[in-house]
Amino acid sequence: MDIDHFIAERKPNWVRLGTLLDAFERTTEWDMGHERIKELVTLYRQACTDLNQARTYTASPELLETLNQLTGRAYRFVYAEGGRKSVRETFWRFISVSIPETFQRESRYVLYALLPFVAGIVVGFVAIKINPSYEEVIVPAQFRQITPKEHVAQVEGTDGERIDSVQTAAALSSFLYTNNIKCAFVVFALAAMTMIGGIYYLFWTGTWLGAIACLYHDSHFVQFFYAWVGPHGALELPSIIFAGAAGLRFGRAVLMPGNLTRASAVREAFTPVWRMLCATAMMLVCAGLIEGSFSQFSSKTVPYNVKIGVAIVLFVSMVTYLFVLKRDRLKDGAASK
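Now the structure itself:
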């Protein structure tokens, strides 16, 4: 056997096996996916065969050592516990890498959900600006019970704070984040089942939000409005958009699978959708805790500028975490280190 030809022919497979092993050390079996794990096992078996042939035809210590180390690493992955990570390590990687990677990879669906929401805000704001009587048509009844002026007086006109204990804040927060999660589920379900239903829900939500913003703007309570909505809205509103984006991602797999079978498209979509919904739920819980406590404080306790500043910090941090910071991606073509 021509050993040089043997090495030239088999080396690409050895490099690929090393690449997959390096990738697995930085991630989890879930992230690797069934196809990559299957490929790794196949390459491991081929490498074992290559090692046996190399032992027969050559005594090159460098080649034999390389193949011994490679097959040993692969063996620990295939048969032993070496590749498994603790629950803490797996959870931390899920939060710090898997979720941001998913949002960056599926960012086009976030954009698809964002556009109707922003369009709705513009339509709602302009509609009230043109004709304030549209309030009765656009704004839900629960938001029309008091005027902006009465709301400001209710919050700022009392001697104390409406949230005066941890128990009160906890009860209100629990109600708020539970209700928000229900709303997120509705938009996800509508988008997943019909796609157009989720887009309409996002547009309508943006419409009444824009209408309310215009009412406070025209009543000269702009700063109050942003200080009131901003701290929790910085997480809550993007979460609704993310739930819609997850629904659109799943809806496309179900309704428009393309060249894949519907079952294959759904399996492929499940992991990113699940991660997006997990992130949405966590953000909505945080938003509910903020809305049930910090957002409720009047300017006597927390000045408007401070609350608005907190809202900006929260929003920028969220965007940076999900979309700006690049993570170590698992790539098929990555070179082995």
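Under numbering that gives the first Met the number 0, residues 0 to 336 are what the sequence shown spells out, in order. Beta carbons: idealized from backbone N, C-alpha and C, even for Gly.
DSSP places P11 within a helical segment (H, G or I) once states are collapsed to three. Inter-residue distance for I2 and R75 is about 28 angstroms (C-alpha atoms, whole angstroms). When F269, C277, E64 are compared, the shortest CA-CA separation from F93 is found for C277. Its chain contains A46, L69 as the residues whose beta carbon lies nearer than 7 angstroms to that of W13, once the 5 sequence neighbours on both sides are disregarded; these appear in chain order. If you compare the alpha carbons of N130, L39, N67, D49 with that of V77, the shortest gap goes to L39. Straight through space, the alpha carbons of G119 and P139 are spaced by roughly 14 angstroms. The beta carbons of C182 and K128 sit about 26 angstroms from each other, so the pair does not count as a contact at 8 angstroms. For F249, the enclosing alpha helix (DSSP H) stretches over residues 221-254.
Burial is judged here by how many other beta carbons sit within 10 angstroms of a residue's own beta carbon; T300 has fewer than 16 and is exposed.
With respect to F102, F322 sits close: the two C-beta atoms are nearer than 8 angstroms.
For the pair F187 and G232, the CB atoms are not nearer than the 8 angstroms cut-off. The way I'd put it, the segment 202-221 doesn't touch the segment 274-288; fewer than three beta-carbon pairs between them come closer than 8 angstroms. Within the model, the alpha-carbon separation for T41 versus F116 is close to 47 angstroms. Listed in chain order, the alpha helix (DSSP H) runs fully inside the segment 69-142 are 86-92, 98-104, 106-129, 134-137, counting runs of at least 4 residues. Only residues of its own chain outside the window of five on either side were considered, and among them Y225, A226, G229 have a CB closer than 6 angstroms to the CB of I307, listed in chain order. According to the DSSP assignment, A264 belongs to the alpha helix (DSSP H) that extends over 261-290. Here DSSP, grouped into helix, strand and coil, assigns G156 to coil. With contacts defined by Cβ atoms closer than 8 angstroms, S294 and V154 do not form a contacting pair.
Just so you know, the alpha carbons of I311 and T319 end up roughly 12 angstroms apart.
By the Cβ-count criterion, E105 is buried, with 16 or more other Cβ atoms from all chains shown falling within 10 Å of its own Cβ. M192 carries a helical assignment under DSSP once its states are collapsed to helix, strand and coil. In this structure, DSSP gives G257 a state outside helix and strand, which the three-state scheme calls coil. Looking from the CA of G196, the closest CA among H150, R251, P271 belongs to R251.
Nearest Cα to W273 within the set S97, R54, E24: S97.
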